[in-house]
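Participant: After the structure tokens below, expect a handful of questions from me.
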Ligand code: IPD
Ligand code: CA
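As structure tokens, this is what we get:
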């Protein structure tokens with residue numbers, strides 16, 4: 002098994018006072034909502050019926066199926082510019098602009114996914130999000146995930162709980178489902194862009210599917226983790242997530258009571274293919290045992 006961590010919280014010990022954690026959460030919400038407003042406004046401009054030159058707006062990354070759009074880049078730049086004003090000097094790790102997850106100091110770092118679920122964004126499937134986390138020592142202190150198409154904000158602060166705020170401002174305090182058997186659990190997962198890791202993921206799904214109520218693949222890891230918190234699913238697992246995919250969502254899930262398994266605290270990218278799991282507490286031990294039993298506890302390197 003990898004040296005990943007299983008815990009009921011997404012963070013190592015963090016000695017920040019609650020007021021400071023609440024302030025980091027407020028900033029994360031503000032940044033994620035501002036970037037989400039930009040993404041929402043830009044989609045019809047770039048990809049809508051009147052969208053001009055959409056083909057110039059998309060590039061691919063390491064794999065031809067892994068897209069990045071001009072809007073991903075704009076949203077990350079917007080967040081970086083606002084952080085330079087509100088928290089000058091704080092280190093940043095972003096999916097598009099790079100950076101480090103840990104450093105020599107114990108600074109608060111901002112970990113950004115400007116659009117999680119870029120393939121959904123590209124196709125107009127309403128399941129993409131902006132994710133902003135404040136992290137220290139590779140673990141989450143505060144975070145916000147905004148479901149762009151539905152204008153819903155999920156946020157959490159370490160020890161402060163997790164909430165969902167809808168487009169009308171209605172606030173819901175989040176708790177995982179009280180499910181107690183994996184055989185009745187609805188489990189979300191995701192697949193990597195690379196062929197080699199996907200092939201192994203497909204083999205694992207064939208072993209896991211008969212043991213659970215059903216599997217869902219929504220296409221945005223940050224939202225999958227928030228769905229564990231709201232009870233829309235009972236558990237979630239995926240290999241090879243990057244820190245920006247799970248940074249905010251994992252804290253939302255754990256503050257709603259989920260048990261987590263996370264990659265080693267220094268891994269910014271998912272290159273090693275470590276497993277991430279978030280599970281409602283009543284099924285966590287059984288789901289982790291199922292995953293370990295079929296070999297899913299092992300990392301799946303993408304090479
Ligand atoms: C991806 C999504 C997807 C997950 C992939 C991620 P991106 O992020 O979260 O659901 O299965 O592993 O890379 O590329 O849309 O930011
Ligand atoms: Ca992502």
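In this note's numbering, the protein residues as written are 2 to 304.
For each residue, glycine too, the CB sits at the ideal point set by N, CA and C.
Which of the three DSSP states is assigned to residue 124 in this structure?
Facilitator: Correct three-state label for residue 124: helix.
Participant: Taking residue 157 as the reference, which of 138, 113, 27 and 16 has the closest Cα?
Facilitator: Per the Cα distances, 27.
Participant: Can residue 120 be considered in contact with ligand 1, in the sense that its beta carbon sits closer than 7 Å to one or more heavy atoms?
Facilitator: The answer is yes for residue 120.
Participant: For residue 117, count the other beta carbons within 10 Å of its own beta carbon; 16 or more makes it buried, fewer makes it exposed. Which is it?
Facilitator: It counts as buried.
Participant: Could you pull out every residue in the same chain whose Cβ sits closer than 8 Å to the Cβ of residue 268, ignoring the five residues on either side in sequence?
Facilitator: Result list for residue 268: 102, 139, 244 and 275, in chain order.
Participant: Helix, strand or coil, according to DSSP, for residue 233 in the structure here?
Facilitator: Coil at residue 233, not helix or strand.
Participant: With a threshold of 16 other CB atoms inside 10 Å of the CB of residue 291, please say whether the residue is buried or exposed.
Facilitator: Under this definition residue 291 is a buried residue.
Participant: So does the segment 183 to 192 actually touch the segment 77 to 85, counting three or more Cβ pairs closer than 8 Å?
Facilitator: Judged by Cβ distances under 8 Å, the segment 183 to 192 makes no contact with the segment 77 to 85, as fewer than three pairs qualify.
Participant: DSSP beta-bridge partners for residue 173?
Facilitator: Looking at the DSSP assignment, residue 173 forms a beta bridge with 165.
Participant: Quick one: what does DSSP say residue 2 is sitting in, helix, strand or coil?
Facilitator: With a pLDDT of 32 at residue 2, under the threshold of 50, the modelled position of this residue cannot be trusted; read the value that follows with caution. Looking at residue 2 - three-state DSSP - the assignment turns out to be coil, as it is neither helix nor strand.
Participant: In three-state DSSP terms, what is residue 12?
Facilitator: Residue placement at residue 12 cannot be trusted, given a pLDDT of 44 that sits under 50; what the coordinates show is reported in the next sentence. Coil, per DSSP.
Participant: Hey, how far is the Cα of residue 89 from the Cα of residue 109?
Facilitator: Their Cα atoms are separated by approximately 11 Å.
Participant: State yes or no: is the C-beta of residue 245 nearer than 7 Å to some heavy atom of ligand 2?
Facilitator: Because some heavy atom of ligand 2 lies under 7 Å away, the Cβ of residue 245 counts as near it: yes.
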